[in-house]
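Q: Heads up: the protein sequence lines correspond to chains D and S, in order.
When you number the first sequence by the working numbering, it's gap-free, plus one each residue, and the end is 204.
When you number the second sequence by the working numbering, it's gap-free, plus one each residue, and the end is 781.
Ideal Cβ placement from N, Cα and C applies to all residues, glycine included.
Let me begin by handing over the structure; questions about it come next.
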Amino acid sequence: MSHPQIAPNLPYHPSGDQRFAQLDQTMAYYKHEPTALIQILHAAQHSFGYLAPDVLRYIATAMKLPLAHVYGVTTFYNFFSIVPRGKYQIMVCTGTTCHVRGAATVVERLGQQLGVKEHETTKDGLFSLHTARCIGACALAPAITVGDDVYGKLTPDKVPKFCQKDLKKYA
Amino acid sequence: MKRTHILVCTGTGCTSAGSFQTRDALLAELEKRGLAGEVEVVETGCMGRCDLGPVSMVHPDGTFYKNVQAAEVPKLVDEHFLKGRAYDKLLPTDPETNHLIKTQADFTFFNRQLRIVRDNCGIIDPEKIDEYIARDGYLALGKVLTGMTPEQVTDEIKASGLRGRGGAGFPTGRKWELMRLAPVNPKYVVCNADEGDPGAFMNRSVLEGDPHSVIEGMAIGAYAMGANRGFIYIRAEYGLAVKRLHIAIEQAYKLGLLGKNLFGTGFDFELEVRIGAGAFVCGEETALMRSVEGRRGQPQPRPPFPAQRGLWGKPTNINNVETWATIRPIILKGAKWFASIGTEKTKGTKVFCLAGKINNTGVAELPFGTTLREMIFEVGGGVPNGKKFKAVQTGGPSGGVIPEQFLDTPVEYETLQKLGSIMGSGGMVVVDEDSCMVDFARFFMEFCCDESCGKCPPCRVGTRQMLNILNRICAGQGELDDIQKLEDLAAMVKDTSLCGLGQTAPNPVLTTLKYFRHEYEAHIMDKRCPARVCRDLLHFEIDEPLCKGCSLCARACPVQTIARVGTQKKFEIHEEKCIHCGACFEVCRFDAVKKTSPGMLVTA
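Here it is in structure tokens:
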């Protein structure tokens, strides 16, 4: 029985998942410096979608850091998630400008349309609903992002149409 | 040589409105018409009028076009570049006179501005270092490295009177001097680009529009303070800015403007980008340093100040994006020139973000001393839809609200502080009569409560308790002594919190209590929300004579509580099941749905 080929000097993950090999390369790029932990977590979340316990354990071992430290950093920052999220994250900006233009109602309506609550993922795993602190698109308030795309001036009354039209593009 | 240039804004606002498609359409159309050799399409950074996006400007005549969607491009090329006249349909109109605005120079929003920091934004392609260099880029760095001692540089910055643009307004020159004199090595310089204040996006606009100005400023600062390594700490939410920064740094390295032995003087400067991960508190300098070190971003008590013990225990200087970007013009044009702009105490210009209920949303750079009224009603074009101005919120969640009677206050650090607010990063969120000030204060308290790092109890527990009280008031369950409790808690949190987040968190509550106490009282005593915002205090009703029976409201209602009156055509709302979401109010085209906050009659 042969194992998948991974560069010999890198730590080995038994699952053979190539994404771990990628993670090894990222850590090597940062020379396993503890100060780069946040940058490494970013990379890990980017390829795995979220930071599962297994991934955190792997990073902690490879970087010779206590797991508690890695876990502490991960949970401190809003950007990192330790639970699975949708393929596309819908982020509703809840900054001041969006707030005065009705962001709270936008979140509620999106939830109704998608059948989820905040932080939940739709049944098909496509979307998860989140709120973000100001995304700095105040001129477009109320603004939301889906994946990397920004949608502006999405007032609560436009939400049903948005779900029926724009979100279909991601299916 | 091309005869004319069309500048297409590719800041975040315009790209989300489709400016990349506009660019592609322009390139294709110009090619088709055989104009590709005469007209050059340039992608620029933010021009400042994000709400009109995608915007573009034709150089050299200065014609400014709004809403340039890809579909409009053939017509635009036809009119402007072939027939040689402005395409009226895409010209902006003056909200006051209703006249078309032909050129950028006639646009009040632009011609009131004095652009020092944003001089290049919207003019050059931020992804091409050559365009920056053509506008005297890296000239200041060359001048400093080859002809000035670190001491002279620091003195120049001191003489200019520049104060930190991040919020507190500490004199930058003095901060640099402290660092320069620190005997420990190595030293670090950091750029704080963790612009977390909701309603502020000036740093993003600078990073997206002119990233090299920040890099050059940092290199000059590093030389003056004796640092050889720098970090730019930027929030992860600013994807485009991160990308452009990476490109800019790479280009600067390639040309030897970063790295080893700059300008052959033996001075080394290495610059790295560190991406944040969504924690508001990391805008606080000690927390930011923890985060750069890859740890939880929790603040530390000061002293020791970062200039004494910062990153990895070494002297560290942290300045805001805008401060770094101001260094280059000061070196090039001299401290005297810079000191001649602004007020006696505060020199130069500040980039403000106008947002909220305002006609001209966007980024505007104005000299210190400009009054709030000029900012909001002249540059900003006033409040839309004929609504009444209520207040302006400055400085994000750490700032306060300023009501109408103080609109003639000239804006600088001290004057805003006197009114109970702060300058902060320069965000200005305008609210009109439709906003409830209690709800507004609750919003900011929720923000601070969520973003409190949890290290010190006054902030962690105090903000939570204040939020509970505010939630209660908004829900119509406020009690008479709640206002007193809020004031006591606010004073405690302000005096005893460890860092700036906690110390300033009560500001929105304190200022709304000071200027809009009657709204709190209406919520608590009459159970009434005067601005008709707080849901639990609302009442919806259908005005029968106005109802046309179109059923839009019934279809919009998420809880199906709107039904026909008996067998009639008209509709009515059944109060018991109504969740006060307001969906019916929004969709009704005949103003038949009435939203009121009648207040509750106290029946004993």
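1. Can you tell which of Gly-49/D, His-79/D, Gln-78/D and Arg-118/D has its C-alpha closest to the C-alpha of Ser-161/D?
2. If you measure between the beta carbons of Leu-147/D and Thr-155/D, is that distance less than 7 Å?
3. Comparing the C-beta of Ala-93/D with each C-beta of chain S, is any distance below 7 Å?
4. So that I know if they touch, is there some Cβ in chain S lying closer than 7 Å to that of Gly-180/D?
5. So with CB distances below 8 Å, who are the chain D contacts of Ala-532/S?
6. Apply the 10 Å Cβ neighbour rule to Arg-467/S and answer buried if 16 or more other Cβ atoms are within range, or exposed otherwise.
7. Determine contact between the stretch 528 to 537 of chain S and the stretch 346 to 364 of chain S, defined as no fewer than three beta-carbon pairs at a distance below 8 Å.
8. Measuring alpha carbon to alpha carbon, tell me which residue in Cys-126/D, Lys-198/D and Leu-89/D is nearest Ser-114/D.
9. Who are the near neighbours of Glu-749/S in its chain, counting only those whose CB is closer than 6 Å to its CB and skipping five residues on each side?
10. Pull up the distance between the alpha-carbon of Ala-76/D and that of Glu-427/S, whole angstroms please.
11. Taking 7 Å as the threshold (C-beta atoms), are Lys-364/S and Pro-492/S in contact?
12. Would you call the CB atoms of Arg-412/S and Gly-376/S closer than 7 Å?
13. So, is the C-beta of Tyr-83/D closer than 7 Å to a C-beta in chain S?
14. Quick check: the stretch 427 to 444 of chain S against the stretch 459 to 473 of chain S, are there 3 or more CB pairs under 8 Å?
15. Bridge partners of Ile-719/S, per DSSP?
16. Only counting the same chain, and skipping five residues up and downstream in sequence, which positions put a Cβ closer than 7 Å to that of Phe-112/D?
17. May I ask you to report which of helix, strand or coil DSSP gives Met-622/S?
18. List the residues of chain D whose Cβ lies closer than 8 Å to the Cβ of Ala-413/S, in chain order.
19. So for Lys-567/S, helix, strand or coil by DSSP?
20. So for Asp-374/S, helix, strand or coil by DSSP?
21. Under a three-way DSSP split, which group does Ser-48/D fall into?
22. From Ala-568/S to Ser-612/S, what does the alpha carbon distance come to, in whole angstroms?
23. Given a threshold of 16 other Cβ atoms within 10 Å of its Cβ, counted over all protein chains shown, does Trp-353/S qualify as buried or as exposed?
24. Under 7 Å between the Cβ atoms of Met-600/S and Gly-557/S?
25. Cβ of Val-606/S less than 7 Å from any chain D Cβ?
26. Among Arg-649/S, Gln-661/S, Ile-660/S and Ile-504/S, which residue has its Cα nearest to the Cα of Ala-401/S?
27. Tell me Lys-420/S's beta-bridge partners as DSSP assigns them.
28. Would Pro-117/D count as contacting chain S if we go by Cβ distances under 7 Å?
29. Check each candidate in Ile-92/D, Gly-105/D and Arg-134/D and name the one with the smallest Cα separation from Glu-610/S.
30. Straight-line CA distance for Val-606/S to Val-578/S?
31. Would Gly-677/S count as contacting chain D if we go by Cβ distances under 7 Å?
32. In whole angstroms, what separates the C-alpha of Glu-449/S from that of Leu-435/S?
33. Assuming Glu-304/S and Val-254/S form a contact by the criterion Cβ under 8 Å, report the distance between their Cβ atoms to the nearest whole angstrom.
34. Is the CB-CB distance between Asp-387/S and Asn-297/S below 7 Å?
35. So, Cys-625/S versus Val-458/S, is the Cβ gap smaller than 7 Å?
36. Please tell me whether Val-185/S and Leu-204/S are closer than 7 Å, where the distance is taken between their beta carbons.
A: So, from the data block:
1. Mapped onto the first sequence, residue 161/D falls at position 128. Residue Arg-118/D holds the alpha-carbon nearest to the alpha-carbon of Ser-161/D among Gly-49/D, His-79/D, Gln-78/D and Arg-118/D.
2. Here residue 147/D is taken as the residue at index 114 of the first sequence, counted from 1. Here residue 155/D is taken as the residue at index 122 of the first sequence, counted from 1. For the pair Leu-147/D and Thr-155/D, the CB atoms are nearer than the 7 Å cut-off.
3. For the purposes of this step, residue 93/D is taken as residue 60 along the first sequence, with counting starting at 1. Not one chain S Cβ lies under 7 Å of Ala-93/D.
4. As a first step, residue 180/D is located in the first sequence; it is residue number 147 there, counting from the start. It does not: the Cβ of Gly-180/D has no partner Cβ on chain S nearer than 7 Å.
5. By one-based count along the second sequence, residue 532/S stands at place 355. Within 8 Å of the CB of Ala-532/S, the CB atoms of chain D belong to Thr-129, Thr-130, Cys-171, Ala-172 and Ala-174, in sequence order along the chain.
6. By 1-based counting over the second sequence, the position of residue 467/S is 290. Under this definition Arg-467/S is a buried residue.
7. Output reads no: the stretch 346 to 364 of chain S does not touch the stretch 528 to 537 of chain S.
8. The residue labelled residue 114/D in the question sits at position 81 within the first sequence. It is Leu-89/D.
9. For the purposes of this step, residue 749/S is taken as residue 572 along the second sequence, with counting starting at 1. Cβ neighbours of Glu-749/S beyond the five flanking positions: Ile-719 and Val-742.
10. Looking up residue 76/D in the first sequence gives position 43. Looking up residue 427/S in the second sequence gives position 250. Their backbone Cα atoms lie some 20 Å apart in a straight line.
11. The residue given as residue 492/S occupies position 315 in the second sequence. The residue given as residue 364/S occupies position 187 in the second sequence. In this structure, Pro-492/S sits near Lys-364/S, with a CB-CB distance shorter than 7 Å.
12. Stepping through the second sequence from its first residue, residue 412/S is reached at position 235. Stepping through the second sequence from its first residue, residue 376/S is reached at position 199. No; because the gap between Cβ atoms is not below 7 Å, this pair is not in contact.
13. Translated into positions along the first sequence, residue 83/D becomes position 50. With respect to chain S, the C-beta atom of Tyr-83/D has no partner C-beta closer than 7 Å.
14. No, the stretch 427 to 444 of chain S does not touch the stretch 459 to 473 of chain S.
15. Within the second sequence, the letter at position 542 stands for residue 719/S. In the DSSP output, where bridge partners are listed per residue, Ile-719/S has Val-770/S.
16. Position 79 of the first sequence, counted from the first residue, corresponds to residue 112/D. Cβ-Cβ distances below 7 Å link Phe-112/D to nothing in the same chain once the five nearest sequence neighbours on each side are left out.
17. Here residue 622/S is taken as the residue at index 445 of the second sequence, counted from 1. Correct three-state label for Met-622/S: helix.
18. As a working note, residue 413/S is residue 236 in the second sequence. Here the neighbours are His-75 and Phe-112.
19. As a working mapping, residue 567/S is identified with position 390 in the second sequence. Lys-567/S: strand per DSSP, three-state reduction.
20. What you label residue 374/S is simply residue 197 of the second sequence in a count that begins at 1. Look at Asp-374/S here: in three-state DSSP terms it is coil, with no helix or strand label.
21. Start at 1 with the first residue of the first sequence, and residue 48/D comes out as number 15. Reduced to three states, the DSSP call for Ser-48/D is coil.
22. Within the second sequence, the letter at position 391 stands for residue 568/S. Within the second sequence, the letter at position 435 stands for residue 612/S. Taking the straight line from one Cα to the other gives about 9 Å.
23. Counting from 1 along the second sequence, the entry for residue 353/S is found at position 176. With 16 or more neighbouring CB atoms inside 10 Å of its own CB, Trp-353/S falls in the buried class.
24. As a first step, residue 600/S must be located in the second sequence, where it is residue number 423. As a first step, residue 557/S must be located in the second sequence, where it is residue number 380. Cβ distance not < 7 Å, so Met-600/S and Gly-557/S don't count as in contact.
25. Position 429 of the second sequence holds residue 606/S. Interface criterion met: the Cβ of Val-606/S is under 7 Å from a Cβ in chain D.
26. The residue you call residue 401/S lines up with position 224 of the second sequence. For the residues Arg-649/S, Gln-661/S, Ile-660/S and Ile-504/S, the minimum Cα distance to Ala-401/S belongs to Ile-504/S.
27. Stepping through the second sequence from its first residue, residue 420/S is reached at position 243. DSSP lists no partner for Lys-420/S.
28. Within the first sequence, numbered from 1, the residue matching residue 117/D stands at position 84. No, because no Cβ of chain S sits closer than 7 Å to the Cβ of Pro-117/D.
29. Position 433 of the second sequence, counted from the first residue, corresponds to residue 610/S. Ranking the options by Cα distance to Glu-610/S, first place goes to Arg-134/D.
30. Against the second sequence, residue 606/S aligns to sequence position 429. Against the second sequence, residue 578/S aligns to sequence position 401. In this structure, the straight-line span from the alpha carbon of Val-606/S to that of Val-578/S is close to 9 Å.
31. Here residue 677/S refers to the residue found at position 500 when the second sequence is read from its first residue. It does not; no Cβ of chain D falls within 7 Å.
32. For this step, residue 449/S is matched to residue 272 along the second sequence. For this step, residue 435/S is matched to residue 258 along the second sequence. Spanning the alpha carbons of Glu-449/S and Leu-435/S requires a straight line of approximately 11 Å.
33. By 1-based counting over the second sequence, the position of residue 304/S is 127. By 1-based counting over the second sequence, the position of residue 254/S is 77. Your pair Glu-304/S and Val-254/S does not check out as a contact, with CB atoms roughly 24 Å apart and the cut at 8 Å.
34. Walking along the second sequence from the start, residue 387/S turns up at place 210. Walking along the second sequence from the start, residue 297/S turns up at place 120. In this structure, Asn-297/S lies closer than 7 Å to Asp-387/S by Cβ.
35. Against the second sequence, residue 625/S aligns to sequence position 448. Against the second sequence, residue 458/S aligns to sequence position 281. No. Outside cutoff.
36. Counting from one through the second sequence, the residue named residue 185/S turns up at place 8. Counting from one through the second sequence, the residue named residue 204/S turns up at place 27. The beta carbons of Val-185/S and Leu-204/S sit no closer together than 7 Å.
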